[in-house]
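In our numbering, the protein residues as written are 7 to 451. All residues carry an ideal CB built from backbone N, CA and C; glycine is no exception. See structure below.
Okay, structure coming up:
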């Protein structure tokens, strides 16, 4: 199925990897982090499908790819699975190498090894005639992957990053499992290994979502997240910021700086809370935007390296205030402010957060407290007295936030001489209050 920049189809691992295409894990993607828990689950699934009475196929989930030429694909989602499958194929090659070294049917096993490597690991560039790998890892892992794992060289773990050690351990773990499997099956071990590789490539399949640009990739992220498939659209935004820096001559240093500072914020907030903070931060410094339009908006506004670091600096300046608003018990607010923020949490509203972030940035403590108390009053009148859903107050909060930006020097006038919209809010509150009071009196009549 292909619709407006999206193409969706189910593909086996063989079709993905042996069709002359190449895959690249972008800079923004996390390093390899699977452990024995994930390796064991995948190996158990593989063993289940290759049994005589097993399932005909095993579903590997979504694979989100982005490409401009339909030949080289950036792996937006699925990099851990693709990397692990490549390690499994390399583990099979290691076992074949061992058989050749032991003079166990060396000619046939060498042919099997050459064919498997050509089909799944490397391809010959038709222009340069230089062999290239079909999978390129991110910049933190690719050097180790290309220099040690692909050539099946001696695997050094001295001075390696943690993710490189995981790559090495995964490779060795699967090599042991394959050796054990060939012993259990018996017969010609080379045939058993080749048959296992064929079964893996034919019986494991993905739902492949191909997109043409970053914005469509973000839309896929939204859809899959709505279906409880956890993906990180924040990583996609970080990739855009990295791509802005990439054209600069000092890009290596700047990209590392961005990644380090970004990771520090993710650790501080937690990956689940980061998208919420990003939305609140952006609205507090700019104009209102919905979550679904946030990536598109930031991408259109942040187009230079100066703007990238301005965004980064602003986020770092506001992160402590955001945490104090969302995690009140561990904050350093005075006791009375803590109590007010608890009231806001009790009402379960988050719409005032951008306004509160902006107010805390420029106002005195007493003026900030006034803003906070007004937010609580509005929320109370809408939710408790008016029995309205929390999003009903959004229009007024948006209006108030715009006025805040437009009249920061005349803020007292904004509070104490409110315009017609605030008057309407008060009239609505009075009407709802009278209705509730009447309802309480009726049983006594």
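Item: Would you say residue 52 and residue 273 are within 8 Å of each other, going by their C-beta atoms?; Value: no
Item: Which residues bound the beta strand (DSSP E) around residue 82?; Value: 78 to 83
Item: Kindly indicate which three-state DSSP category residue 149 falls into: helix, strand or coil?; Value: helix
Item: Using the Cα positions of residue 108 and residue 87, report the straight-line distance between them to the nearest angstrom.; Value: 32 Å
Item: I need the straight-line Cα distance from residue 78 to residue 43, nearest angstrom please.; Value: 31 Å
Item: DSSP state of residue 452, grouped into three classes?; Value: The first residue shown for the chain is 7 and the last is 451, placing residue 452 beyond what the model contains.
Item: Would you mind stating whether residue 101 and residue 169 have Cβ atoms separated by less than 8 Å?; Value: no
Item: Taking residue 82 as the reference, which of 75, 90 and 69 has the closest Cα?; Value: 69
Item: Considering only residues of the same chain and omitting the five flanking positions on each side of residue 48, which have a CB-CB separation below 7 Å?; Value: 90
Item: Around the C-beta of residue 54, are 16 or more other C-beta atoms found within 10 angstroms, so that it is buried, or is it exposed?; Value: exposed
Item: Determine whether the beta carbon atoms of residue 144 and residue 59 lie at a separation below 8 Å.; Value: no
Item: Starting from the C-beta of residue 331, find all residues in its chain whose C-beta is less than 7 Å away, skip the five residues before and the five after it, and write them out in chain order.; Value: 347, 359 and 362
Item: Rounded to whole angstroms, what's the CA-CA distance from residue 251 to residue 45? Just pull it up for me.; Value: 35 Å
Item: Determine, using beta carbons only, whether residue 12 and residue 217 come nearer to each other than 8 Å.; Value: yes
Item: With distances taken between CB atoms, is the gap from residue 95 to residue 56 smaller than 8 Å?; Value: no
Item: Alpha carbon to alpha carbon, how far is residue 271 from residue 317?; Value: 13 Å
Item: Could you give the DSSP three-state label for residue 69: helix, strand or coil?; Value: strand
Item: Note down the Cα distance separating residue 177 from residue 131, rounded to an integer number of angstroms.; Value: 26 Å
Item: Give a yes or no on whether the C-beta atoms belonging to residue 67 and residue 118 are separated by under 8 Å.; Value: no
Item: Between the alpha carbons of residue 307 and residue 370, how many angstroms are there, rounded?; Value: 30 Å
Item: Helix, strand or coil: which one does DSSP assign to residue 334?; Value: helix
Item: Whole angstroms is fine: what's the gap from residue 193's alpha carbon to residue 203's?; Value: 16 Å
Item: Should residue 156 go down as buried or exposed, given a rule of 16 or more other Cβ atoms within 10 Å for buried?; Value: buried
Item: So residue 166 and residue 150 are in contact, right, with Cβ under 8 Å, and what is the actual spacing, rounded?; Value: 7 Å
Item: What residues match up with residue 137 in a beta bridge as DSSP calls it?; Value: 130
Item: If you drop the 5 nearest sequence neighbours on each side, which residues of the same chain put their C-beta closer than 7 Å to that of residue 116?; Value: 106
Item: Please name the residue, chosen from 17, 299, 249 and 378, that lies closest to residue 313 on a Cα-to-Cα basis.; Value: 249
Item: Give me the Cα-Cα distance between residue 324 and residue 276, rounded to the nearest whole angstrom.; Value: 15 Å
Item: In this structure, does DSSP put residue 24 in helix, strand or coil?; Value: coil
Item: Alpha carbon to alpha carbon, what distance is there between residue 258 and residue 26?; Value: 31 Å
Item: Can you list, in chain order, the residues of its chain whose CB lies under 6 Å from that of residue 293, leaving out five sequence neighbours each side?; Value: none
Item: Between residue 14 and residue 213, which are expected to be in contact by the criterion C-beta below 8 Å, what is the C-beta distance as a whole number of angstroms?; Value: 7 Å
Item: Can you give the Cα-Cα distance for residue 160 and residue 174, rounded to whole angstroms?; Value: 10 Å
Item: By the 10 Å Cβ neighbour count, where 16 or more other Cβ atoms means buried, how is residue 120 classified, buried or exposed?; Value: exposed
Item: Pick helix, strand or coil for residue 12, following the three-state DSSP scheme.; Value: strand
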